[in-house]
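Working notes, structure below.
Chains as they are written, first to last, in the numbering used here: chain A, 1 to 565; chain B, 566 to 726.
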């Protein structure tokens, strides 16, 4: 069938079951937007900055499990998208970003709004393409979606020159994407599974350390089954929160720099560490030599480069988390193992963890006249029954959300873990709400991050999205301030926010609802009012200014060297 | 330790930049690099020499393999292999040293590829050590210019009949 490049583009998106795309028009994509205007199958969300388009597409992917799609114009449109792309790359999120490009004849000429976006994004995409010939358009788009969603997922950029999109092409019949050089390994090696299971059963102090791979690989059920069957305590990375129920008795919460005392102690003293879909990031390990020093380490990951990158692994398993956990469950189930006895064997280990937990539980000092941020998160958790989708910005509020909103389900904490992108949470909430229109979506924000994509009020209002923003306002760039307090003699260089907008008025200016709480007694009424309002609401919580996030492992220190207050 | 790594890759625009970008981005070092087409259309072979401990080399080979356009990665140093480099050396050759230059060329089986009244240009092929040895010998006579290729390498075939 003959059609234009832009029509073929739309047809490809339909093939991939894309329902929503996030974008911003411009000269190089004007033909595409003309085609978008003439169809009603795919909904286009007009953002107010291209960074937000990619964050929204990224969150859409995290919540729905589908590939997120963003569309931006050439030059500045494309460079604005780079932070979003890098954010998705560091967290392995399947996103396809389409960028407009100047006509092929002008490429390399320093044409108006020309930039080598394929060159710029090479190190922060899983793969990227410049479509130089019209005949390559459809196969490239199909391959881009395949690469983005398979194996270890990641963002893929496709650069679309204006003339290619305007040309007439023959739409090729869909055939399965076959790539000679790219075949991810999903199935684990049976020998490695056996070795791993034997090592786990031989252990007296096992710990499961799970990361975002469990969620991306939809392995939470298999993993939860495995942990409960053998009674193995579980700790989650920031990206792994929700991969195992946070309120389960086996959950030790998050580990690492702001992890719980008992999770970090358990990892330090364990004799078998089972890492599943986690990558031994420096925020998790602290000083490498002191990370799980006594443990035999088993590592399940779909990406071979993650294995033995930071920490030497004893039993590597290159596989999808779901496939690996399924095989491990099968191995255990198919043998005559007295599971009751296995769990009883671990009783002393659980007692030890309980002792640590009793000694230093996760907590904070409540006050009657000033709002504590942790209290706000606890109340949000209570009043949403822990069932909201929570997005966050980056900083102290992000860590408090991770510590005090006990995530029980996968795909409910949407946060920039790897890149740590301030300004992620609000556009992410927009993407999340588009993916799950019936769910409660809350962006837990800080006053610094909030201002990095505050223009997205307009997007959310235009789409009539009932997103809730819980702004923990301490008038500081709080996380950096905390470091300055602890390690730089309280020299608060550039962290006090001396000029701040009135966030309630900002919300109102966009036609949203703004609420403010300045006293602890106002917290619950404000949250209740926000949750029962059917439109966008910003809750401005004026919190205790110099509250810190604890426990804290100073950068580069062993995770057992925690500052506890 | 030095490793010679052979990479078979799809000859697509930007593929070399993906390889070199990987090395610079992750702080790996490239000592030499050589790329050319293979017998198969659209497939290139790239040989690079790099250094590092076993962990680094393991990461390098894994990361190379992770690039979508890469077909195959072989650490040639781990196999029985043949390695070659080529150098073109222009050396001063005046009446007193002309004979000496030719003698050295003869010993190393170098060929004279250009002659002028005051210089010879030699073409020499061999291992990195051999090239080093000949340059050391020619240095006192006066090397005017030297151009070297990167290393190329091939695994030796099995000697079993």
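Just so it is clear, CB atoms sit at the ideal spot from N, CA and C, and this is done for glycine as well.
For residue 305/A, no alpha helix (DSSP H) encloses it, and the DSSP letter there is neither H nor E. The beta carbons of residue 334/A and residue 394/A sit about 45 Å from each other, so the pair does not count as a contact at 8 Å. Interface flag for residue 182/A against chain B is set, since a Cβ pair is found closer than 9 Å. Residue environment: residue 291/A is assigned as buried (16 or more neighbouring CB atoms within 10 Å of its CB, all protein chains considered). Annotation: the continuous beta strand (DSSP E) that includes residue 443/A extends over 441-446. The way I'd put it, the region 327-342 of chain A does touch the region 188-196 of chain A; three or more beta-carbon pairs between them come closer than 8 Å. Within the same chain, 113, 114 and 115 come within 7 Å of residue 75/A by CB-CB distance, once the 5 residues on both sides are set aside. Counting only residues of its own chain and dropping the five nearest sequence neighbours on each side, residue 537/A has a CB closer than 6 Å to the CB of 468, 513 and 530. Remark: C-beta atoms of residue 97/A and residue 85/A approach each other more closely than 9 Å. Interface residue (Cβ-Cβ distance to chain B less than 9 Å): residue 142/A is not classified as such. About 17 Å separates the beta carbon of residue 436/A from that of residue 95/A, a gap too long to meet the 8 Å contact definition.
With its beta carbon less than 9 Å from one in chain A, residue 634/B belongs to the interface. Residue 433/A and residue 574/B have their C-alpha atoms some 42 Å from each other. Chain-order list of chain B residues neighbouring residue 118/A: 579, by C-beta distance under 7 Å. Around residue 381/A, the same chain offers 404, 405 and 406 as residues with beta carbons nearer than 7 Å, after the five sequence neighbours per side are excluded.
Leaving aside the five residues that flank residue 461/A on each side, the residues in its chain whose CB is nearer than 7 Å to its CB run, in chain order, 510, 511, 512 and 536.
With respect to the 9 Å criterion, residue 556/A and residue 485/A are not classified as neighbours on the basis of their beta carbons. For the 9 Å CB-CB criterion, residue 613/B and residue 598/B form a contact. With respect to residue 20/A, residue 58/A sits apart: the two C-beta atoms are not nearer than 9 Å.
Taking C-beta separations shorter than 6 Å and ignoring five residues to either side along the sequence, the partners of residue 425/A in its chain run 391, 392, 393, 443 and 445, following chain order. Counting only Cβ-Cβ distances below 8 Å, residue 583/B has contacts in chain A at 122, in chain order. In this structure, 171/A is the residue among 397/A, 171/A and 524/A with its C-alpha nearest to the C-alpha of residue 1/A.
Cα atoms of residue 41/A and residue 225/A: separation of roughly 40 Å, rounded to the nearest angstrom. In this structure, residue 22/A sits near residue 70/A, with a CB-CB distance shorter than 9 Å. At a C-beta separation below 8 Å, residue 631/B has these neighbours in chain A: 303, 304 and 305.
The closest CA to that of residue 269/A, considering only 315/A, 353/A and 111/A, is found on 353/A.
Inter-residue distance for residue 373/A and residue 52/A is about 26 Å (C-alpha atoms, whole angstroms).
Just so you know, the alpha carbons of residue 99/A and residue 666/B end up roughly 59 Å apart. Closer than 9 Å at the C-beta level to chain A, one finds these residues of the region 598-632 of chain B: 620, 623, 624, 627, 628, 630, 631 and 632. Inside the region 327-364 of chain A, DSSP marks whole alpha helix (DSSP H) runs of 4 or more residues at positions 339-345 and 347-359, from first to last along the chain. At a Cβ-Cβ threshold of 9 Å, residue 427/A and residue 47/A count as neighbours. Judged by DSSP secondary structure, residue 434/A falls within the alpha helix (DSSP H) whose first and last residues are 425-435. For residue 402/A against residue 254/A, the beta-carbon gap comes to about 5 Å, under 8 Å, which counts as contact.
Pairing residue 311/A with residue 200/A gives a Cβ-Cβ distance that is not under 9 Å.
Looking from the CA of residue 398/A, the closest CA among 415/A, 383/A and 318/A belongs to 415/A.
Straight-line measurement puts the Cα of residue 66/A at about 34 Å from the Cα of residue 515/A.
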